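Working notes for the structure below.
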Amino acid sequence: MRHWQRQHIRSVWLLVTLAVLAATGCAPHAVVPNWDPAAFRELDTLEFLTVGPEEGPHWSTVWLVVLDGQVYVRLGSRAAGRMQENKTAPFVAVRIGGREYEHVRAEETKPMIDRVHAAMAEKYPTDLFVRYVTHPLTMRFAPETGAGAP
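Going by the working numbering, the sequence shown opens with residue 859, and the numbers climb by one from there.
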């Protein structure tokens, strides 16, 4: 496959992903008063803030799943790159359930990759398309004490 063909396919997948995220992120949700993964289970997206050395602050929107009482995300190449260059690592700010949490630990969770991918496929029908996009990072988000944690 030629380079321009691969680039075109990636562009199409990116557009499909953005359209899906825009569609699922527009539904209003009730405000969740504290970090509560059980309440987040029904939400479709969260936003996280990274601070890049060149780019500065950037909010990324991603799908989420809740497994074993923990919040997990799967990051595409751009979001993963931002996470890897994050100057505030291992911490990010997270917007979810109508609240913002400023000090959330973002941890790579390689042992959970298969379970997170399966949960994404079950929760999001359009994952049929998105699962074929490269997802180099699967992460768990958990607030530090004092950041809205129970």
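No residue lacks a Cβ here, since even glycine has one placed at the ideal position from N, Cα and C. Computed from a prediction, not measured in an experiment: that's the story for all the values here.
Query, Result
"My assumption, with CB atoms under 8 Å, is that V923 sits in contact with A977. Please give the rounded CB distance.", "4 Å"
"Going straight from the alpha carbon of L995 to that of E905, what length do you get?", "16 Å"
"With DSSP collapsed to three states, give me the class of G955.", "coil"
"Rounded to whole angstroms, what is the Cα-Cα separation between A897 and M941?", "25 Å"
"Return helix, strand or coil for V991, following the three-state DSSP convention.", "coil"
"Per DSSP, what kind of secondary structure is E960 in: helix, strand or coil?", "strand"
"From T967, E958, G955, pick the residue whose C-alpha is nearest to that of P948; which is it?", "T967"
"Short of 7 Å in beta carbon distance, which residues of its chain neighbour A937, apart from the five on each side in sequence? Order them along the chain.", "S918, V920"
"If you measure between the beta carbons of A951 and L901, is that distance less than 9 Å?", "no"
"If you check the beta carbons only, do G927 and P895 fall under 9 Å apart?", "yes"
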